[in-house]
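In order, the protein sequences belong to chains P and E. Residues in the first sequence are numbered from 57 upward in steps of one, following this note's numbering. Residues in the second sequence are numbered from 190 upward in steps of one, following this note's numbering. Glycine residues also receive a C-beta, built at the ideal position from the N, C-alpha and C atoms.
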Amino acid sequence: MTAWQVLSPGLQTTVQDQGRHGWRHLGIARAGAMDPTALAMANRLVGNDEQAAGLEIAVRGPRIRLSRACRIALTGTEIQATWNGETLPMGRPLDLPAGELSLGPLRDGLRAWLAVAGGLDAPVVLDSRSTDLRGGFGGYDGRALVAGDLLSIGDAAPVKTSRRPAFPAWWIDVDDPWTVDRHVLRYLPSLHPSARELAGAVWHAHANSNRQGVRLDGAGLSGGGGDGVSEPVAVGTLQLPPDGQPILLLADAQTVGGYPRLGHVIACDLGRAAQLRPGEPVHFEPVIPAQARALAHEHAHRLARLRIAIAQHL
Amino acid sequence: MSAPRIERLGDDALLVRLGDAIDASVNARVHALAARVREASPSWLQDLVPAYASLAVFFDAERTATGDPHAFVGEFVTQLLDDDTAPAGHATLHEIPVCYGGTHGEDLVAAARELGLDAATLIARHSAPLYTVAMIGFAPGFPYLLGLDSALALPRLATPRTHVPAGSVAIGGAQAGIYPRQSPGGWRLLGRTPRVLFDTARAQPALLQPGDHVRFLPIDAATFDRLGASA
Numbered sequence: 057m058t059a060w061q062v063l064s065p066g067l068q069t070t071v072q073d074q075g076r077h078g079w080r081h082l083g084i085a086r087a088g089a090m091d092p093t094a095l096a097m098a099n100r101l102v103g104n105d106e107q108a109a110g111l112e113i114a115v116r117g118p119r120i121r122l123s124r125a126c127r128i129a130l131t132g133t134e135i136q137a138t139w140n141g142e143t144l145p146m147g148r149p150l151d152l153p154a155g156e157l158s159l160g161p162l163r164d165g166l167r168a169w170l171a172v173a174g175g176l177d178a179p180v181v182l183d184s185r186s187t188d189l190r191g192g193f194g195g196y197d198g199r200a201l202v203a204g205d206l207l208s209i210g211d212a213a214p215v216k217t218s219r220r221p222a223f224p225a226w227w228i229d230v231d232d233p234w235t236v237d238r239h240v241l242r243y244l245p246s247l248h249p250s251a252r253e254l255a256g257a258v259w260h261a262h263a264n265s266n267r268q269g270v271r272l273d274g275a276g277l278s279g280g281g282g283d284g285v286s287e288p289v290a291v292g293t294l295q296l297p298p299d300g301q302p303i304l305l306l307a308d309a310q311t312v313g314g315y316p317r318l319g320h321v322i323a324c325d326l327g328r329a330a331q332l333r334p335g336e337p338v339h340f341e342p343v344i345p346a347q348a349r350a351l352a353h354e355h356a357h358r359l360a361r362l363r364i365a366i367a368q369h370l
Numbered sequence: 190m191s192a193p194r195i196e197r198l199g200d201d202a203l204l205v206r207l208g209d210a211i212d213a214s215v216n217a218r219v220h221a222l223a224a225r226v227r228e229a230s231p232s233w234l235q236d237l238v239p240a241y242a243s244l245a246v247f248f249d250a251e252r253t254a255t256g257d258p259h260a261f262v263g264e265f266v267t268q269l270l271d272d273d274t275a276p277a278g279h280a281t282l283h284e285i286p287v288c289y290g291g292t293h294g295e296d297l298v299a300a301a302r303e304l305g306l307d308a309a310t311l312i313a314r315h316s317a318p319l320y321t322v323a324m325i326g327f328a329p330g331f332p333y334l335l336g337l338d339s340a341l342a343l344p345r346l347a348t349p350r351t352h353v354p355a356g357s358v359a360i361g362g363a364q365a366g367i368y369p370r371q372s373p374g375g376w377r378l379l380g381r382t383p384r385v386l387f388d389t390a391r392a393q394p395a396l397l398q399p400g401d402h403v404r405f406l407p408i409d410a411a412t413f414d415r416l417g418a419s420a
């Protein structure tokens with residue numbers, strides 16, 4: 057067992073995996089990576105099971121002392137990453153000697169994910185190693201990292217030590233950079249009278265957004281309310297509170313809610329919602345169920361191709 | 190009674206709506222349907238989330254082995270909707286000890302005054318009914334209880350407290366509930382229970398399950414301390 061020492065924590069760095077499933081009936085959120093696919097692919101790049109725990113990094117990353125050589129990978133939005141001052145690239149396995157890993161500001165987005173061979177060895181709480189920030193459990197003591205924390209790393213094949221970082225020339229893009237517009241989220245509209253109006257307007261991500269949800273700022277929609285009979289909600293649910301400014305529920309969302317629902321953002325677009333910076337514009341594009349299924353299949357096929365590509369290169 | 194309506198709840202869930210109001214008989218149908226789906230135990234079932242008048246069915250689309258998992262699961266649930274011969278599950282009755290008033294329930298006296306009752310009458314009427322855990326939400330393990338004497342409805346605080354103690358037994362509007370852990374909250378605090386409602390270290394983390402029944406048992410402060418110490 058080896059441990060990493062957190063020298064500085066970054067803005068909000070949390071231990072996450074693919075989340076808690078099957079506990080919503082007890083009011084327990086999914087939690088887990090805001091973009092589960094990005095973390096799963098980072099795990100693949102270091103030879104882990106996709107379910108392994110890694111770090112989710114928001115806005116500005118941590119500085120970590122690596123006590124020994126290890127293999128890591130970074131996915132998500134471009135992050136300024138260095139090992140003892142040497143720049144590290146995204147989307148590929150990185151063999152690092154012992155030293156200091158510094159993860160700086162994130163460019164163009166809000167979140168990145170780090171996987172390490174062997175996975176982060178946080179205790180399993182209710183079937184997951186994810187941090188539930190609102191519930192205060194899971195991950196590292198149920199909270200974001202602070203300076204001085206020691207992160208245990210699971211066992212992994214030893215990394216060939218050299219004196220400098222080693223990495224291949226190839227890399228993967230988890231999202232297809234040629235066809236995906238980060239500012240468009242596709243959704244299945246509900247039967248609410250304002251559900252389709254959502255698509256006609258320009259929205260901006262509000263600064264008061266977090267892992268629970270993205271608040272949308274724009275010309276308000278009518279038909280919001282706060283006194284409805286509470287019903288189950290899901291990750292991806294679009295709610296309409298009384299002020300007419302919709303909320304898109306994300307990984308840490310509560311399990312029931314009383315606001316009217318405008319619809320649901322399709323699962324394969326939720327990773328992009330996790331990258332919306334405060335003030336950034338976002339558009340919503342309605343789809344019909346058949347399109348949603350086709351897009352989900354397309355996404356699954358892309359992941360299957362990525363898995364094969366990674367396996368062939370490793 | 191309105192006909193059940195089924196709608197999508199994202200990529201991997203359906204919402205079955207059995208009514209539009211907070212109503213004990215509708216809620217009982219929700220829990221009966223949940224019990225029948227659970228009893229059938231289909232391989233694709235991920236979670237069943239009951240609420241006052243609706244049930245969410247979360248599924249693993251890859252295990253439904255069909256091109257349209259929502260339609261497949263919708264069909265499955267529809268058949269169970271009509272099947273009154275299938276088991277409706279069993280609910281556990283929990284006796285929850287509560288120390289009312291004083292530092293255990295800061296709002297008891299003011300709430301009684303507001304309702305035009307004396308504190309002892311409020312305690313008696315609050316601990317008389319058999320409650321049902323209509324749903325769990327807001328926070329892990331937080332039960333929304335149906336069955337409150339309608340004359341005891343109390344508006345929420347205009348400014349929510351930043352710290353409600355764990356175990357607080359409270360009224361919010363026409364609803365009753367128990368705060369599992371210290372948290373912010375705007376409900377009126379009548380008392381506290383020494384029972385631990387939610388603990389991730391237990392195999393079954395939540396003391397109360399959706400559909401269970403609850404009766405409050407008034408206890409004094411000494412009993413609260415004794416039970417709390419043994420918890």
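I want to verify the contact list: residues of chain P whose CB lies under 9 Å from the CB of residue i, in sequence order.
i: E/Arg197; result: Leu244, Ser246, Gly319, His320, Pro345 and Ala348
Is there a C-beta anywhere in chain P that falls below 8 Å from the one on residue i?
i: E/Leu204; result: yes
i: E/Pro399; result: yes
i: E/Val238; result: yes
i: E/Phe247; result: yes
i: E/Pro383; result: no
i: E/Asn243; result: Sequence check: residue 243 of chain E is Ser here, not Asn. Yes, E/Ser243 lies at the interface with chain P (some Cβ there is under 8 Å from its Cβ).
i: E/Ile211; result: yes
i: E/Gln235; result: yes
Chain E partners of residue i, CB-CB under 7 Å?
i: P/Phe193; result: Thr389
i: P/Ile84; result: Pro329
Could one say the Cβ of residue i lies closer than 8 Å to chain E's Cβ atoms, at least one of them?
i: P/Pro92; result: no
i: P/Gly210; result: no
i: P/Gln310; result: yes
i: P/Val181; result: yes
i: P/His77; result: yes
i: P/Ala352; result: yes
Taking residue i and residue j to be in contact with their CB atoms under 8 Å, please state how far apart those CB atoms are, rounded to whole angstroms.
i: P/Leu162; j: P/Ile135; result: 5 Å
i: P/Asp299; j: P/Gly280; result: 6 Å
i: E/Val238; j: P/Arg267; result: 20 Å between Cβ atoms; not a contact.
i: E/Leu386; j: E/Leu397; result: 7 Å
i: P/Ile224; j: P/Leu318; result: The residue asked about is misnamed: residue 224 of chain P is Pro in this sequence, not Ile. P/Pro224 to P/Leu318, Cβ: 44 Å. No contact.
i: E/Ala390; j: E/Asn216; result: Contact doesn't hold; Cβ gap of about 30 Å is too wide.
Run down chain P in chain order and give the residues with a C-beta less than 8 Å from the C-beta of residue i.
i: E/His259; result: Pro345
On the DSSP bridge list, what partners appear for residue i?
i: E/Phe387; result: E/Ala395
i: E/Ile211; result: BP columns for E/Ile211 are empty, so no partner.
i: E/Glu196; result: E/Leu204
i: E/Pro407; result: E/Val287
i: E/Phe449; result: No answer is possible for residue 449 of chain E: the residues shown for chain E start at 190 and end at 420.
i: E/Pro239; result: E/Leu244
i: E/Arg377; result: E/Ile360
i: E/His402; result: E/Leu282 and E/Thr321
i: P/Ile303; result: P/Arg271 and P/Gln295
Name the chain E residues whose beta carbon is nearer than 9 Å to that of residue i?
i: P/Val270; result: Simply none; closest approach about 15 Å.
i: P/Ala323; result: Gly199, Asp200 and Asp201
Quick one: list the residues of chain P neighbouring residue i, beta-carbon separation under 7 Å, in chain order.
i: E/Gly326; result: Gly83, Ser286, Gln310, Thr311 and Val312
i: E/Ala395; result: Leu82
Kindly examine the ligand GDP and report whether one of its heavy atoms sits closer than 7 Å to the Cβ of residue i.
i: E/Asp307; result: This structure lacks the ligand GDP, and indeed carries no ligand of any kind.
Give the list of continuous beta strand (DSSP E) stretches no shorter than 3 residues that lie fully inside the region 158-245 of chain P.
Whole beta strand (DSSP E) segments, 3+ residues: 167-172, 206-209 and 240-245.
Name the residues in the region 281-298 of chain P whose C-beta lies less than 8 Å from a C-beta of chain A; which are they?
Absent from the structure is chain A; the protein chains it does hold are P and E.
Go through the region 66-151 of chain P residue by residue and report every complete run of the beta strand (DSSP E) that reaches 3 residues or more, in order.
Taking 3 residues as the shortest admissible run, the region 66-151 of chain P contains the following complete beta strand (DSSP E) segments, listed from N- to C-terminal end: 70-72, 110-114, 119-122, 126-132, 135-139 and 142-144.
Which complete alpha helix (DSSP H) runs does the region 301-348 of chain E hold, if anything under 4 residues is left out?
As far as the region 301-348 of chain E is concerned, its whole alpha helix (DSSP H) runs of at least 4 residues are 308-315.
Continuous beta strand (DSSP E) assignments of at least 3 residues falling wholly in the region 250-289 of chain P:
Within the region 250-289 of chain P, the complete beta strand (DSSP E) segments of 3 residues or longer fall at 259-261 and 269-273, listed in chain order.
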